[in-house]
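What follows is a short report on a single structure.
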């Protein structure tokens, strides 16, 4: 297939593009390469993709509607994997406009470009953050997710609603994927595993929010990518059993689907830190802090819908995933 992967210089986008290329697909990677975090890391990811003959990179911001529509018109993508977004819950507390512009205006441009060029299937990144104030565990796509606790979460939930509108009005098949705490090699420096590893190696204290009482459904990058690719291959279909009197939020009478991609095994933050310490063979100094605004205490993914429809279940234990990340980090930065 010929696919567009937006956010191709990003963490998940890079790994997804590489997986698609390795199975023989043609991939156009799009990214604005903004400076939200270390640009050299983004460039290093692209350098890994450059040798693939069926890869081409386009530097473009999804907010640039005219250029985006020209790209779609000239390339005629069969499917689109939209992973470009302004990420990070905490950053959204102080820079909300960046999220509205990238995550909502940009997503609107992607939807419209897909409609105009008759893309077969749009798969896009959502987030476990949309569950917000929900406390019933595990989080299920059959639950309503209408109480977000951050602008980041609100933009991701808005994406799901916008996608449903296009699926309903224009029969555009869309699949939204709610990612649960992704980690692994070439990860984002603002994520806990990256910053914890860096600080422990440098002998600095690590900030542990909610006094370490968080539980997270940490999901290894290879599991996320496998879920993305499986979902991309399965074009969303209308749910023949959808009942408007008791609407299922995860499906629709339109070609629309939502899935969680999580490890389905939440881990306490203190245990996660222990695993990092074991991989590094060093102890951490912890700076225990209260829970941050916009954060949620626990995440836990119900992946039954993903397993049933897509045929995939994430299964990498944190002990394995963290070890792989640490090995990459030490090699990439030349530290130990």
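Residue numbers (the working numbering): 8 to 343.
Using N, Cα and C, we set each Cβ at its ideal position, and we do this for glycine too.
Look at the beta carbons and you see the segment 308-321 touching the segment 260-279: at least three pairs across the two are nearer than 8 Å. In the three-state DSSP reduction, residue 211 falls in the coil class, being neither helix nor strand. Contact between the segment 188-203 and the segment 144-151 is absent, with fewer than three C-beta pairs closer than 8 Å. Three or more beta-carbon pairs separated by less than 8 Å are not found between the segment 276-285 and the segment 228-242, which leaves the two stretches without contact. Going by C-alpha positions, residue 326 is about 42 Å away from residue 82. Bounds of the alpha helix (DSSP H) holding residue 164 are 158-177. Residue 134 holds the alpha-carbon nearest to the alpha-carbon of residue 187 among 246, 47, 170, 134. The segment 215-282 contains, as complete beta strand (DSSP E) runs of 3+ residues, the segments 263-268 (chain order).
For residue 173, the number of other beta carbons within 10 angstroms of its own is at least 16, and it is reported as buried. Looking at the backbone, the Cα of residue 182 and that of residue 210 are separated by about 43 Å.
Counted as a single uninterrupted DSSP element, the alpha helix (DSSP H) harbouring residue 27 occupies residues 18-29. Around the beta carbon of residue 212, a 10 Å sphere encloses fewer than 16 other beta carbons of the protein chains shown; the residue is thus reported as exposed. DSSP, reduced to helix, strand and coil, places residue 332 within a helical segment of the structure shown. A direct Cα-to-Cα measurement between residue 115 and residue 165 gives close to 10 Å.
The DSSP assignment places complete beta strand (DSSP E) segments of no fewer than 3 residues inside the segment 88-150 at 128-134, in order along the chain.
Residue 299 and residue 323 have their alpha carbons spaced roughly 28 Å apart. Close CB contacts of residue 139 within its chain, under the 6 Å cut and outside five residues either way in sequence, are with 154, 155, 156, 160 (chain order). The beta carbon of residue 122 sits closer than 7 Å to those of 173, 177, 179, all from its chain and outside the five residues before and after it, given in chain order. In the three-state scheme derived from DSSP, where H, G and I count as helix and E and B as strand, residue 290 is classed as coil. Closest in C-alpha terms to residue 44, from the list 95, 58, 335, 67, comes 95.
Judged by beta-carbon spacing, residue 120 lies beyond the 8 Å limit of residue 13, meaning their Cβ atoms are not closer than that value.
Between residue 333 and the set 70, 279, 307, 319, the nearest pair of CA atoms involves 279. No residue range can be given for residue 85, since it is assigned to no beta strand (DSSP E) and is classified by DSSP as neither H nor E. Excluding five sequence positions before and after residue 249, the CB atoms of its chain that fall closer than 8 Å to its own CB belong to 255, 258, 259, 260, given in chain order.
For residue 63, the uninterrupted beta strand (DSSP E) run begins and ends at 62-66, by DSSP. Under the three-state reduction of DSSP output, residue 188 falls in the coil class, being neither helix nor strand. Looking at the DSSP output, residue 37 shares a beta bridge with 13, 65. Put simply, the backbone Cα of residue 109 is about 34 Å away from that of residue 341.
CA-CA distance, residue 27 to residue 33, rounds to 8 Å. In the DSSP assignment, residue 312 falls within the unbroken alpha helix (DSSP H) covering 311-317.
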